[in-house]
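Here's the structure, in structure tokens; my notes come after.
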DNA sequence: CTGAAAGCGCTTACAG
DNA sequence: CTGAAAGCGCTTACAG
């Protein structure tokens with residue numbers, strides 16, 4: 001019996017197949033890759049030998065020779081484990097909500113094209129992130145980089161020498177990017193809060209200050225509120241982040257300073273909204289009766305919260321899939337037709353805005 | 001300006017570095033890999049050339065030559081998108097809750113060892129899963145396979161020729177496996193429900209019938225109930241699955257048939273518990289007053305549910321990290337000392353069992 | 001249509 | 001300590 005840990009006999013090579021089939025390795029390669037069209041007999045003999053030996057080509061040899069690894073890398077951002085209370089999920093777990101649905105979209109699209117996915121994360125404050133990313137780049141044909149993974153200039157530098165698509169991040173003159181229609185999303189949110197509910201004071205609870213998505217959402221909120229003739233508060237006091245503890249901390253800070261809350265709080269994303277709702281609940285402030293809260297993303301748990309979160313749905317998987325498709329065209333065609341792709345979003349009306357509970 | 005899509009100038013090779021440094025490629029390789037110990041002067045010249053050229057070795061060439069790809073693959077199971085109600089997350093999104101935390105654990109451990117992670121999923125009913133997995137295997141040095149990805153015999157066959165670690169799956173004589181202590185977890189749950197709450201009737205809402213974890217949990221529940229001298233219901237009617245819609249469907253079926261519910265339902269995992277709680281709520285059955293519910297896993301959203309879910313915490317990330325470590329020893333040492341690693345679990349007392357709300 | 005041969009970019013005995 | 005050379009397992013012009 002050959003148990004685990006025993007030296008398994010080396011996998012067959014293309015030479016073994018050629019010998020068994022009585023043809024040259026070139027022929028084996030051709031039938032396997034469907035190039036030219038081999039004589040039926042040659043084809044059959046090769047295929048039979050392949051089946052008998054269980055031959056599967058070595059990826060590294062193929063990559064080196066064909067100058068194509070058929071692999072793309074995706075780099076996402078991880079935040080260090082924080083000291084969340086016992087029983088609470090770490091922000092790391094939360095992060096998964098969005099980033100992993102995105103990566104899943106990439107994986108599915110990559111698989112469709114016969115590419116494999118190399119996944120790597122970068123810690124929030126990591127110093128040698130760039131060199132690790134460059135090493136990763138040499139293992140694949142192109143890279144998809146999440147938001148906040150690399151500083152804009154470093155991203156641009158990398159993109160100048162290597163195919164890179166950024167996900168919801170900055171788009172440099174050299175890179176290609178995919179994002180959702182932040183402005184339309186915020187407009188529908190503000191329109192709903194002001195129009196349907198008649199709220200006159202809103203605030204924007206901001207995400208990470210260096211995130212393009214966050215800035216776009218803020219600006220759109222400001223513009224939409226101005227257009228509706230209502231007041232929108234934002235600024236340093238309303239600076240939170242993308243995680244639930246960021247949202248909770250910001251609300252705690254505001255309340256600790258005795259700041260009066262507006263009628264509705266537009267949060268940068270669902271996670272921050274979750275934290276904000278928890279912080280409000282702890283103070284006995286009822287959502288949505290006293291203060292309405294909205295999110296952005298529509299992560300899986302948004303509809304599981306009580307009250308259910310009114311938010312804007314991003315086509316998260318599709319965002320990932322689109323990123324792959326752009327990257328593939330960058331890799332194979334040498335260029336991507338669109339330099340930036342903006343995907344539409346959808347307003348998701350639930351309860352946290354003040355709408356009645358749905359059955 | 002070299003924009004995206006323009007043919008970037010080919011990355012420098014080791015020959016370019018050697019020429020720039022005035023040494024042989026062998027020397028370059030040696031200083032970069034720290035083998036032997038080059039003369040300081042040689043070292044400096046190489047390092048300087050490397051820095052100037054921005055040289056990073058090609059992964060495929062390295063892999064082919066060194067016979068080590070420094071890459072491991074992980075394969076997890078995806079369930080097809082189902083027609084969940086609007087606003088509801090697809091079971092695919094839910095799946096992420098557990099599988100991705102696991103993968104994250106693998107990634108972190110792999111990174112520590114300088115390995116990269118190749119991620120691939122297999123669709124629930126996919127026919128050519130095995131061949132895709134074999135192709136993936138040829139792109140890396142070893143594979144980590146989640147539960148329910150491959151039939152036991154195929155897994156065993158693969159493991160006989162290639163380093164494989166199974167995660168919470170069957171362990172064949174040839175593969176190595178990692179799982180958590182299911183029995184201890186169920187014992188603590190039954191002990192709590194029977195001991196602290198005095199419940200006399202329990203039921204086990206089963207997960208997928210071919211999952212080793214599910215079978216172990218069921219058997220442990222049966223044994224623990226018998227030991228406590230109370231009744232535990234299980235069987236075809238209580239067959240659910242690992243997703244929330246499985247749990248909801250099972251409860252709906254039971255209630256539709258007018259089956260009387262026990263005092264407490266032990267669910268195979270958190271997701272099924274979530275679905276069960278939702279189905280009960282729709283019928284106006286209060287959890288935990290009328291029926292207590294427990295889960296297993298302690299996924300991130302377990303404490304966000306209302307009532308908060310009493311469950312058993314698996315060290316999910318650690319499970320993944322351990323799988324990598326076993327795999328690495330299989331790859332480098334040619335064998336893994338332990339053939340099966342069982343990680344401890346922790347009882348997490350929250351509200352769905354009937355315990356009072358915590359502050 | 002098929003084979004012999006070169007070459008992809010590294011690592012690593014083998015000499016010196 | 002260092003260099004010349006072989007070799008990893010494929011793909012792909014180049015001849016025939």
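Residue numbers (the numbering used here), protein chains in the order written: chain D, 1 to 359; chain R, 1 to 359.
Beta carbons: idealized from backbone N, C-alpha and C, even for Gly.
Remember, it's a predicted structure, so these values are computed and weren't measured experimentally.
In the DSSP assignment, residue 340(D) falls within the beta strand (DSSP E) that extends over 340-343. In terms of Cα proximity to residue 66(D), the closest of 140(D), 144(D), 46(D), 75(D) is 140(D).
At a cut-off of 8 Å between beta carbons, residue 351(R) makes no contact with chain D.
Rounded to whole angstroms, the Cβ separation of residue 220(D) and residue 187(D) is 6 Å, and the two are in contact under 8 Å. In this structure, DSSP gives residue 154(D) a helical state, which the three-state scheme calls helix. Near chain R, meaning a CB-to-CB distance below 7 Å, the residues of the region 49-69 of chain D are 56, 57, 58, 59, 60, 61, 63, 64, 69. Closest in C-alpha terms to residue 334(D), from the list 162(D), 122(D), 70(D), comes 162(D). The bridge partners DSSP lists for residue 231(R) are 201(R). Below the 7 Å Cβ cutoff, chain D contributes 116 as neighbours of residue 136(R), in chain order.
Interface annotation for the region 245-256 of chain R against chain D: empty, criterion Cβ-Cβ distance under 7 Å.
The straight-line gap separating the alpha-carbon atoms of residue 227(R) and residue 191(R) is approximately 10 Å. Neighbours of residue 306(D) in chain R, taken as residues at a C-beta separation under 7 Å, are given in chain order as 306. When CB distances to chain D are screened at a threshold of 7 Å, the residues of the region 316-331 of chain R falling below it are 330, in chain order. In this structure residue 288(D) is buried. Its beta-carbon is surrounded by 16 or more other beta-carbon atoms within 10 angstroms. Under DSSP, residue 71(D) forms a beta bridge with 116(D). Under the three-state reduction of DSSP, residue 257(D) is assigned to coil, being neither helix nor strand. The C-alpha of residue 51(D) is placed about 10 Å away from the C-alpha of residue 44(D).
DSSP, reduced to helix, strand and coil, places residue 290(R) outside both helices and strands of the structure shown, so it counts as coil. Distance from the CA of residue 202(R) to the CA of residue 343(R), rounded to the nearest whole angstrom, comes to 26 Å. Residue pairing of residue 206(D) in beta bridges, as defined by DSSP: 239(D).
With a minimum length of 4 residues, the unbroken runs of alpha helix (DSSP H) contained wholly in the region 124-169 of chain D fall at 129-137, 152-161. Close to chain R, meaning a Cβ-Cβ distance shorter than 7 Å, are the following residues of the region 132-158 of chain D: 134, 135, 136, 138, 139.
Of 107(D), 145(D), 116(D), the smallest CA-CA separation from residue 122(D) is found for 145(D). Residue 271(R) does not reach chain D, its nearest Cβ partner there being about 11 Å away, counting only Cβ pairs nearer than 8 Å. In this structure, the alpha-carbon of residue 107(D) lies about 19 Å from that of residue 150(R). Of 74(R), 224(R), 306(R), the smallest CA-CA separation from residue 133(R) is found for 74(R). Residue environment analysis places residue 41(R) among the exposed positions, since fewer than 16 neighbouring C-beta atoms fall within 10 angstroms of its C-beta. Every alpha helix (DSSP H) of 4 residues or more that sits fully in the region 29-74 of chain R is shown, in chain order, as 40-53, 59-66. Residues of the region 290-305 of chain D whose Cβ lies closer than 7 Å to any Cβ of chain R, in chain order: 300, 301, 303, 304, 305. For residue 14(D), the nearest beta carbon of chain R is not closer than 8 Å to its own beta carbon.
Residue contact with chain R for residue 107(D): present (Cβ-Cβ distance below 8 Å to some residue of chain R). Per DSSP, the beta-bridge partners of residue 310(R) are 294(R).
Neighbourhood of residue 113(D) in chain R, by CB distance below 8 Å: empty, with the nearest CB roughly 13 Å away. Counting other Cβ atoms within 10 Å of its Cβ, residue 245(D) reaches 16 or more and is therefore classed as buried. Here residue 172(R) is not near residue 340(R), since their CB atoms are 8 Å or more apart. Residue 148(D) sits close to residue 77(D), with the two beta carbons spaced by under 8 Å.
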